[in-house]
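Here the structure is laid out as structure tokens; the discussion comes afterwards.
Number of protein chains: 4
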Amino acid sequence: MDSLKCSWVMDYQQLLENIYQAILPYAKEGKQADYIPELAKVNPDQFGMCIHTIYGETAAIEQADTRFSIQSIAKVFSLAMCLSIKGDDLWKRVGKEPSGTAFNSLIQLEVEKGIPRNPFINSGAIVMADILLSNLANPEADFLNFVRAVAGNDTIDYNKEVAISERENGYLNAAIVNLLKYHGTIENDIEEVLHFYFMMCSIEMSCRELSLVFLAFANHRRKFDYAGFTLTSSQVKRMNAIMQTCGFYDEAGEFAYLVGLPGKSGVGGGIVAIYPLQYSVAVWSPRLNPKGNSVMGIKALELLTTETKESIF
Amino acid sequence: MDSLKCSWVMDYQQLLENIYQAILPYAKEGKQADYIPELAKVNPDQFGMCIHTIYGETAAIEQADTRFSIQSIAKVFSLAMCLSIKGDDLWKRVGKEPSGTAFNSLIQLEVEKGIPRNPFINSGAIVMADILLSNLANPEADFLNFVRAVAGNDTIDYNKEVAISERENGYLNAAIVNLLKYHGTIENDIEEVLHFYFMMCSIEMSCRELSLVFLAFANHRRKFDYAGFTLTSSQVKRMNAIMQTCGFYDEAGEFAYLVGLPGKSGVGGGIVAIYPLQYSVAVWSPRLNPKGNSVMGIKALELLTTETKESIF
Amino acid sequence: MDSLKCSWVMDYQQLLENIYQAILPYAKEGKQADYIPELAKVNPDQFGMCIHTIYGETAAIEQADTRFSIQSIAKVFSLAMCLSIKGDDLWKRVGKEPSGTAFNSLIQLEVEKGIPRNPFINSGAIVMADILLSNLANPEADFLNFVRAVAGNDTIDYNKEVAISERENGYLNAAIVNLLKYHGTIENDIEEVLHFYFMMCSIEMSCRELSLVFLAFANHRRKFDYAGFTLTSSQVKRMNAIMQTCGFYDEAGEFAYLVGLPGKSGVGGGIVAIYPLQYSVAVWSPRLNPKGNSVMGIKALELLTTETKESIF
Amino acid sequence: MDSLKCSWVMDYQQLLENIYQAILPYAKEGKQADYIPELAKVNPDQFGMCIHTIYGETAAIEQADTRFSIQSIAKVFSLAMCLSIKGDDLWKRVGKEPSGTAFNSLIQLEVEKGIPRNPFINSGAIVMADILLSNLANPEADFLNFVRAVAGNDTIDYNKEVAISERENGYLNAAIVNLLKYHGTIENDIEEVLHFYFMMCSIEMSCRELSLVFLAFANHRRKFDYAGFTLTSSQVKRMNAIMQTCGFYDEAGEFAYLVGLPGKSGVGGGIVAIYPLQYSVAVWSPRLNPKGNSVMGIKALELLTTETKESIF
């Protein structure tokens, strides 16, 4: 099996197809996110997966080219921009420890006086939205330009209906931003922050596009400089560390245990994972487990690292 | 600098010496653990560091051969034995998510009805002590034999004075075990559990010994079979995942961010870290930061991964 | 001193004047509420006190006729209306246990899934505002009419500037109502609920007016029927029980201990207290202690029950 | 019905018998405490009730003369002794606010760094046990002498089997005392504190005896001076205030609402309540509601104050 280690002889296409067959029994497990009407309209019986290696190989199966709402995966882009703008000063506004509670818990926030535990829980991402609003000339355009630049693809766009639908039902996020404002940790107008936050989450991309984009985070030796936002090699690696410890809500430990790769999931059913200096992979399927992560997505990634015997550990 | 990547040309001895010079300014920072009288007697102005590569190289500096109380680092050995005995059934008794609160918090335990968040917080380690008591013929002897077998060193031993000193002042751990017993998650007598728990923590080892021992966890391709306890390659890797997400109390995220390696620290001032399939490293210095991790130890490891440009990310 | 027990020989005017002299040393203690700009404009060096017995006696000192923002005291009126409308069904929407934490804590609310602990913490009062909005034809007019009817005074009114000022800075209350809405326990539009809630809190009354109004709650033998809202004798007594256990934020126990009367305080510096079947008393002074209760107000009431040797205990 | 107000014409015997008939339908509701084997042995189908007025009247029904384990009711005696010894300095060691959570919660204790919320939750009572141990020459004998002196009855005694049975299963209380010791708020040896605490709880008294004893707290005009422990009139009244706000675990508000009297309950199924300057009443029935209070006991007291139209409100 050692030969599997060598990516230059791995038949990724065959591997993804095998994985898909193996996880088909889980196709009806879990429940699509329905708290946002626009998301609930998506056909839940879809699955896509795509992998890109740093050597230029790629493989994709099923609906790998269907765009979906990336939701919380967008928080990786916000973090990249905030780190580029603020450097380590960012950590005065938000922590980098795993949250240890459900991703939307206000308890921790109140106990810790408005400093979110990490940039990937909702409160932390809302603080990042506030930072971007304060530092970007045209926040919505600039954010989209950055994502398009990393993706090398100008057709990527927001889905305004999803953003509006989410704002209209986003009571918990509205509670969070009000609590943050109360603690003095939000500079901008609450509605502007929420609007921008939901816009970022509404970006739609396919597995192929996401997988390609995340090569930028998988390869810290490549210069990271997009639309004027730059990260050092060390910053790229540290973003991986944050994805590893905080990328899966209250299931970060389970994901590290089963999959062993840094990554980020979204309630739209997407998951991206990175094997540093090897590959990036994106998988999508709308049915979620009770922790909010795609059931088939996690199964697929678990099989990927089990089959290739490759993980960061 | 790319040449540094190649371990066969790295001069580790020189590297460790450079690191030591660079962190000397921090030599008086932090505060030795003093809640255990026996630990408070240790001279705080000590520092040791040792690295072992899977290729057989080694380097060591300063008090790398002085034994110290490994304390919570022993929890890695308990976990290895429990995983070997119980397999994935272990996770019915203890979780594997980062705790998100101070390492000794009873709050989470109460909220989650006696199921500790992970095996490395005190409550989780106490549950593992209970499991070992129920499953080993001669728990104290068997545990020591296991550690000696992994170390290939029969002189490693408990420090009974430290264990007794710790029991006498271990009010918080006594609170934890009583709470666990109340929730029905402890099978054995409370005093026996506490005694065994403190005995395990009292084992004394040097940086050189710890570094050598942890090669067993750094190299998942080597057969793991010591004193009758076996782990599969996959189990060894998963232990790394747990060290990565849970090994540093409430500073797991910070350690991942700064150092980027799985590892485990103890209040005796020791830290072990692993670069899978590359090396294991142990560092020791008794002065701790407010989160309970060795100040010089973390600085040294941060420099190690920065200088070698090597981390799992 | 036994003669003091007999209310028909008590010289209340002299008593209040003595009390005022005795508490003058505390006149500069505490800090006026400043989180609402309009409230911060009030001259903090004011004090008023008025008592009404059920026998028809009355006494008043200092600024007893100056109107101030009654703030949370208005929650007693909301509770009376909600109890009149819903009866014991009200307790399906809100509890009646003391909160045990700061009056604005979201923690308890989240743990208890959107059911506020009692009607006098902000979350409970917001739920009552929602109930009134759902059940009143003209909520603002109806609420004011009710208060005016109990007071027998048509000049009592809202202070719209205070209400607006409070909404503009009411991030914590906005967080609460969003969290409640998220848990499905708010029927109406969030902004309407908040607006109505702040309007109710903005009512301005003098000590004399408040003291007179609260006779209706002090005398459960008198028919309670105002503007179409009726309470049984038993319901009036039970409102007293709630004022006793929940009327003073996180200081209910302290107030029971020192004063021994049911009552309700507001951040405007007002406090009303009731000696059932004997008297009602209102006191006002804007400087608050750290728990949000008027410093001179509590001192005055403590002296009142100490001097008269009268409390419910 | 107004004539019922006049205690000199009330036929209490008839009243109690009527109440008993009315609550018989609830005779099988609830569940006896079974966490202590000795308590689980008590026949659950028992009921007793006894009332004493300050005018010397008395009435008793059913098993009013059967002794039972008073359990937490003993905390009122501890509080009386501690207040006598320490005066208001007592409140440096324990608070007087309602707890707002289950009576045995460790969470609040941890958050508030070892200062229990009030003397009637277990942690608060354990702190009082520690105070008595530090201040009494012969704690067990002195406590018993005090209770006997208030009762005027030398046959009252501990039930050592219950105390031992409770210690052996008292994991939660052991967790609490260890946590308190960790926070430095316990002066004596943990086992001594627990032993003394459980001894106090094991005292056995009948409804008739309890009702008689609590007259001492119902009548603050009578000199309180027993076995050398004295309380001022004001201190007696303030003890009533604490019973009112904290006497019924997490059901203090409900009890105030339904019954409207200060009192204290125990898991043995006993409840004592006080109508200041009127009467004291004790009721006992072992079946408890989910909050740990006697089902028939609370029903009986609710009827008592409803029928007499008498409560402190």
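Chains as they are written, first to last, in numbering that gives the first Met the number 0: chain A, 0 to 312; chain B, 0 to 312; chain C, 0 to 312; chain D, 0 to 312. For every residue, glycine included, the Cβ atom is placed at its ideal position computed from N, Cα and C.
Where residue i falls: helix, strand or coil (DSSP)
i: E203/B; result: strand
i: H51/C; result: strand
i: E61/B; result: strand
i: S310/C; result: coil
i: I155/B; result: coil
i: R286/B; result: strand
i: L135/D; result: coil
i: F119/D; result: coil
i: F213/A; result: helix
i: S68/B; result: strand
i: F223/D; result: strand
i: V235/D; result: helix
i: S164/B; result: helix
Residue-chain proximity (residue i, chain A), Cβ-Cβ < 7 Å
i: L3/C; result: Confidence at L3/C is low in this model, with a pLDDT of 42, below 50, so its placement is unreliable and the value that follows should be read with caution. For L3/C, the answer is no, since every Cβ of chain A falls outside 7 Å of its Cβ.
Min CB distance residue i to chain D below 7 Å
i: P289/C; result: no
i: L105/B; result: yes
i: T52/C; result: no
i: L36/C; result: Residue identity differs from the one stated: residue 36/C is Pro in this sequence, not Leu. Taking Cβ atoms only, chain D never reaches closer than 7 Å to P36/C, which makes this a no.
i: Y196/C; result: no
i: A21/C; result: no
Minimum Cβ-Cβ distance from residue i to chain B less than 7 Å
i: G252/A; result: yes
i: K112/D; result: no
i: P43/A; result: no
i: N177/D; result: yes
i: T244/A; result: yes
Contacts that residue i makes with chain C (C-beta to C-beta distance below 7 Å)
i: S314/D; result: With chain D covering only 0 through 312, there is no way to say anything about residue 314/D.
i: P118/D; result: Near P118/D there are no residues of chain C at all, since even the closest Cβ is about 11 Å away, more than 7 Å.
i: Y256/D; result: K95, R237, A240 and I241
i: D249/D; result: E96
Residue i: first and last residue of the uninterrupted alpha helix (DSSP H) it sits in
i: F145/C; result: P138 to A150
i: K263/B; result: Element bounds for K263/B: not the alpha helix (DSSP H) but the beta strand (DSSP E), G262 to S264.
i: G269/D; result: Here G269/D belongs to no alpha helix (DSSP H); instead the beta strand (DSSP E) covers G269 to Y274.
i: M78/A; result: First, the residue type needs correcting, since residue 78/A is Leu and not Met in the sequence shown. A73 to K85 is the span of the alpha helix (DSSP H), which, as asked, contains L78/A.
Span of the beta strand (DSSP E) around residue i
i: Y248/A; result: Neither: Y248/A is in no beta strand (DSSP E) and is coded neither H nor E.
i: Y34/A; result: Note, Y34/A: premise wrong, no beta strand (DSSP E); not H, not E.
i: L230/B; result: F228 to L230
Beta-carbon neighbours of residue i, restricted to chain D and to distances below 7 Å
i: G259/C; result: K236 and A240
i: N231/C; result: Reading the sequence as shown, one finds Thr at residue 231/C and not Asn. Those within 7 Å of T231/C in chain D number zero; the least Cβ separation is about 11 Å.
Chain-ordered neighbours of residue i on chain A, where CB pairs are closer than 7 Å
i: N292/B; result: Those do not exist, as N292/B stays about 13 Å from chain A at its closest Cβ, beyond 7 Å.
Chain B contact residues for residue i, given Cβ-Cβ distances below 9 Å
i: P275/A; result: S310, I311 and F312
C-beta neighbour in chain C for residue i, strict 7 Å
i: E306/D; result: no
i: Q16/D; result: According to the sequence as given, residue 16/D is Glu; it is not Gln. Judged by the 7 Å Cβ criterion, E16/D is not in contact with chain C.
i: A217/D; result: no
i: A173/A; result: yes
Interface residues of chain C facing residue i [CB-CB closer than 8 Å]
i: Y181/A; result: Y170, L171 and A174
i: D88/D; result: Within 8 Å Cβ-Cβ: nothing; D88/D doesn't reach chain C, min ~14 Å.
query: Would you call the segment 81-93 of chain B and the segment 226-245 of chain A touching, i.e. three or more CB-CB distances under 8 Å?
result: Of all C-beta pairs linking the segment 81-93 of chain B to the segment 226-245 of chain A, fewer than three are shorter than 8 Å, placing the two stretches out of contact.
task: Answer yes if the segment 256-276 of chain B comes into contact with the segment 293-303 of chain A, meaning at least three C-beta pairs across the two stretches below 8 Å, and no otherwise.
output: No, because fewer than three Cβ pairs between the segment 293-303 of chain A and the segment 256-276 of chain B fall closer than 8 Å, the two stretches do not touch.
- prompt: Are the segment 48-59 of chain C and the segment 280-287 of chain C touching, with three or more C-beta to C-beta distances below 8 Å?
  reply: Contact between the segment 48-59 of chain C and the segment 280-287 of chain C is present, because at least three Cβ pairs lie under 8 Å.
query: Does the segment 55-62 of chain C touch the segment 183-201 of chain C, meaning 3 or more C-beta pairs lie closer than 8 Å?
result: Touching, no, given that fewer than three Cβ pairs across the two stretches are closer than 8 Å.
query: Are the segment 216-231 of chain A and the segment 222-237 of chain B touching, with three or more C-beta to C-beta distances below 8 Å?
result: By the Cβ rule, the segment 216-231 of chain A does not count as touching the segment 222-237 of chain B, because fewer than three pairs are nearer than 8 Å.
message: Would the segment 71-80 of chain A count as touching the segment 117-125 of chain A if we require 3 or more Cβ pairs under 8 Å?
response: Taking a cut-off of 8 Å on C-beta distances, the segment 71-80 of chain A touches the segment 117-125 of chain A, as three or more cross pairs fall below it.
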